[in-house]
Structures are given as C-alpha cells and as structure tokens.
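Chains as they are written, first to last, in my numbering: chain Z, 947 to 1236; chain V, 48 to 325.
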C-alpha cells in the first residue's frame, strides 16, 4: 500500500520544513515584539486625544505653521543633501569602476571606512572644522580671504554639509555596482565613433546607470528625512527637522499623541518613497553589507 | 583620408584620456572629503588648550587623562562595550539561524527578509520612541537588558544580510550529503556549512558590535543613569560644550573602528581565498 507511505513522507517533509522555519522564530519574535508591536502602539496613540478619546486632533495639529515649516525644511534639506551626494558620489562611483582592481579595492575601502566610523564622531569632526575658531575659519582669516569668521555651523549650512558627508557612501555603493555592470564596450564604441567624453556620458553612461543612481538617491533621501543626530548637533537648535520634532514632543512635552502622529507620518512617507522606488525602479536592497 | 580619420580618432581618445585624468583627480578630492574630516579629530585630541583651535597652539595628553580618570566616562565606555558584545553575540546567533532558515525555505524569502530588514528601514527615531514607550511599561528603560535587546534588534538586519549572502553562494548539497551519510542536521551544519561561512559570520558579528557601539538615537531614549552609553554621554556633552575630551574619546572610537574594519576586510579576503582554493 503506497498511500500511507506517501502520507508519512509528506508529513515528514512538513515537519522538516517546520523545523527549518523554527530557526527563524527567535528573529521573528524579536522583530515582532520590539518593532512591529511598538509601531502598532504608536499608531494607536496617534489617534487618541489627551483624555483618551478617539480623534484626528494629533494629525490636524501637524498642519500648524510650526510643524509645517519643519516639514518643508526637512524635505528641502533632504533634497539638497541628495543633490550634493549625487554630485559627489557619481564621479567617485564612476572613477572607481575605471581603476585597476588593486586601486579600486583601496577606493572602495575609503568609501566604506566612513560607514564604520561613528556618526557622532563624524558629526563632531564637522563641528571642529566649521565652528567659529575652526579649521575653515582659521584658514580664511590667516589667508586674508575674510576679515571675520563666517558662521558655518549651528545653522542650515552645517546641517546640510554634515548630513551629506555622512550619506555619500549610501549613494556610491549601489551606483558603483550599477555602473560596474554596464558593458564597457558600449563606452569604447561611443568614444571610438568620435563622441566627446561629455556626449558619451550623456547618451551612454548616464542612461544605463540611472537605476543605480536612482536607488542610491532614494536611500540617501529617505535616510536624510529621518536623520536625527547630525541635524541636532550641527543645527544647534536653529534647524528643526522631522525626527527632532518627534524627540521634542516626547522628552520635552511628554505629548505621545503628537509624537506618534509625527512618527506615523514619517513612517508612511519613508515607506511610500521606498515602495515607489522598489516598484518603479527596481530598488532591491539598501546596498549595505559588511 | 585614412590619416585624417586616424587623427580624429586619436583626438577623441586623447580627450577621453584627459577627461579620465581629471576624473581621477576629482575622485581623489572626494575621497579626501570623505576621510579627512574624521582624521582632523586626531590632532585635536592632543591639544594643550581647553578650546578647539586648529592647529592646536600646544600639545598635551590631558584630555586622555580626563577621559580615563573620569568614573562617568569610564562607566559609559564599559556600558557600551558590554552592550556591544552581548548584542553582537545575540544578534549573530539569532540572525545566522534566521539566514540559514531563509536559505532553506526560499518560498518564504520575500516575507521573512522583509520582516528582518525592517529595523534597517524604519526610521530609527521611531524605533527609539516605540521602545521607550514599551520599556516604560516593562521597567526596561535604563537597564542593560533593555539596551542589549534594542541593539540586537538594530543589528539583526546586518547579520541576516551578511550571512544570507554567504549562504547563497554555498552549495547546500554538501550538507545534504552529510545528512544522508548519517550526520544529524546540527552536526552537518557545524562541520560542513559553518566552517565555509565562518568568516562571514565573524564579519557579521563585528558589524553587529559596531552597530551597537554607533547607536546614539535609541540609546538616547532607553539608556541612562548608571547604564548610559558612551554615545549618549557624548551627545549630551556635544550639545552643552565642545570640550577636547570628546576629541580624545572620538580618537579612541576611530582607532576601534579602524581595527574592526580591518578585521572584516581580512575576514572577507580569507573567505574569498578559501573559495578560490576549494
């Protein structure tokens, strides 16, 4: 009788699959209990008013000018940071693909190295460079290019420079992978047919590297949208970004309703942008690995 | 006519060569922009004065003395180290098991990867706020347990991605052969699979330690008092004043980062070399 045997085999197969899946249980448990559940709690809190009644008040409050300006600032800063990262990251990513293997490995190491250095340490470094008695101002003063220190930090300038510096590697890594995958013969063909480097870039390299560029730019934009440490330190309280509004609502005002609504809005914005990038441009992963 | 075309050709190639040279120069500058700011912290930490002037007027080790003699800073460093080691061990165990499970159940890959990558995708300020709220109910705020669990969550995606990538290029038939020859699945994993992905697992563990050490946002919410991390204390100190003590601490952290980074590079190199020989 083959049927019971087949049944037993099927059951054994099922058990085996379940055992394999059970290896994921600790990870599933930790993400569910410490990430998914708290997020649901925050969503719930965002719909409660001060007296425990259900309301949309927390979301309506976000339309007030104080919040509204912070949103606009956050988006503008993120857009500017993304632009700077593209301008710095594109030549770097392309240059790395042209280098011989040994030098390319060194270049990649130089791009990865900042990722291994604490964000706080890198932010502090910019404080040293940009402050009134800092590196840039002392150079400007001693060379006579300026007769008084320029205010470079504790404002938007410092925030944008510091955040861009921290996020450049996130643009370079996916873009580098994307440019490296391009068939180099297309570029040789374009050059040998007499196209100028600018023309080759415009009509061959740029279109073919757009997916990687788009992926990197999306990651940078999204990370900048939720940035906290660098704007908090380099903005010196004069720059209000989204994440800082959330932190203030909790630590300063203990207003969980406001903080949750802001948080939910940030999450929705982040996930929508990532989803759109995934759906329309094939964004695969964050491109961050050891 | 052939000559003219040839000249035009070399002209285009000549321009391409010039453009390439300009590109390399630009790349060098951009790399400098990426690395140099961090390196500037080093001379600052040896400053002889209490304010940060570049270059320092005089040199001293006093800020290192302040750091190492302060019980508060020493305690914070110890907390960060302990949390980092424990979170790294926990995240590596849990993450490697999860990555293995995904590699053997490809039909669940999309949903499980989605779940495990979530801590990397959700803005960290939200993770911090959510944990702070939940921890307040459980009495886990300002405890080592709470900090280690939170950092395990943050490090998990990096472990799953790193080990998952290594398992992708590993031939599962080797392990099946071991099992068919009578080895228990655990033994087959330990003696056949693990040795071949051990450097990736090591990289993942180092990366997890780094993620824990680097975190300032979650620590700002859930760590405090006796169990405040070094990043939390540094963040608060930065908002108040920019004392060169921070430069001394930063230098120590930079050296640590360099060591961790070099270790993972060597680990990757070893693994790649091992594959090439096999």
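Glycine included, each C-beta is placed from N, C-alpha and C at the ideal position.
As the structure is a prediction and not an experimental result, all values here were calculated from the model.
Assignment of beta-bridge partners to residue 1000 of chain Z by DSSP yields Z/994.
At a cut-off of 8 Å between beta carbons, residue 963 of chain Z contacts chain V. One alpha carbon belongs to residue 87 of chain V, the other to residue 1071 of chain Z, and they sit about 7 Å apart. Going by C-alpha positions, residue 1175 of chain Z is about 21 Å away from residue 205 of chain V.
If you look at residue 161 of chain V, you'll find it in the alpha helix (DSSP H) that goes 156-168. Residue state for residue 117 of chain V is assigned as coil, using DSSP reduced to three classes.
Between the alpha carbons of residue 105 of chain V and residue 96 of chain V lies a distance of about 7 Å. Using a C-beta cut-off of 8 Å, the stretch 1057-1073 of chain Z makes contact with the stretch 275-283 of chain V, since at least three inter-stretch Cβ pairs fall below that distance. The Cβ-Cβ distance between residue 1022 of chain Z and residue 173 of chain V does not fall below 8 Å. Going by DSSP, residue 1188 of chain Z is part of the alpha helix (DSSP H) stretching over 1188-1197. Secondary structure at residue 107 of chain V: coil, using DSSP grouped into helix, strand and coil. About 11 Å separates the CB atoms of residue 145 of chain V and residue 214 of chain V; that is not less than 8 Å, and the two are not in contact. Taken in chain order, the unbroken stretches of alpha helix (DSSP H) that lie wholly in the stretch 263-311 of chain V and span 4 residues or more are 264-269 and 277-287.
Assigned with DSSP and collapsed to three states, residue 94 of chain V falls in strand.
Looking at the backbone, the Cα of residue 1049 of chain Z and that of residue 1109 of chain Z are separated by about 27 Å.
Contact annotation for residue 218 of chain V against chain Z: no contact, minimum CB-CB distance about 17 Å [criterion: below 7 Å]. Taking 8 Å as the threshold, the shortest C-beta distance from residue 191 of chain V to chain Z does not fall below it. Less than 8 Å divides the Cβ of residue 1117 of chain Z from the Cβ of residue 1166 of chain Z. Just measuring C-alpha positions, the residue of Z/1137, Z/1156 and Z/1162 sitting nearest residue 62 of chain V is Z/1137. What residue 166 of chain V touches in chain Z, judged by beta-carbon distance under 8 Å, is 977 and 981, going in chain order.
Within chain Z, no residue has its beta carbon less than 9 Å from that of residue 158 of chain V; the closest one is some 10 Å off. Take residue 995 of chain Z, set aside five residues on each side of it, and the residues of its chain with a beta-carbon closer than 8 Å to its own are 1001, 1003, 1004 and 1203, in chain order. The C-beta of residue 82 of chain V comes closer than 8 Å to at least one C-beta of chain Z. For residue 1057 of chain Z, the C-beta contacts it makes with chain V under 7 Å involve 81, in order along the chain. Within a 10 Å sphere around the beta-carbon of residue 1226 of chain Z sit fewer than 16 other beta-carbons, which makes this residue exposed.
Of all residues in the stretch 85-105 of chain V, only 85, 86, 87, 88, 91, 98, 99, 100, 101 and 102 place a beta-carbon less than 9 Å from a beta-carbon of chain Z.
Counting along the chain, residue 213 of chain V sits inside the alpha helix (DSSP H) bounded by residues 191-215. With distances taken between CA atoms, residue 276 of chain V lies nearest to V/127 out of V/112, V/107, V/127 and V/255. Between the beta-carbon of residue 134 of chain V and that of residue 259 of chain V there is about 4 Å, and that keeps the pair under the 8 Å contact cut. Put simply, the stretch 114-131 of chain V does not touch the stretch 173-185 of chain V. Fewer than three CB pairs are less than 8 Å apart.
Residues of the stretch 1153-1174 of chain Z that bring their beta carbon within less than 7 Å of a beta carbon in chain V comprise 1172 and 1174, in sequence order. Taking the Cβ atoms as the reference, residue 310 of chain V lies roughly 28 Å from residue 233 of chain V, outside the contact range of under 8 Å.
Taking CB atoms only, residue 66 of chain V has a neighbour in chain Z less than 8 Å away. Non-local C-beta neighbours of residue 986 of chain Z in its own chain, meaning closer than 6 Å and more than five positions away in sequence, are absent.
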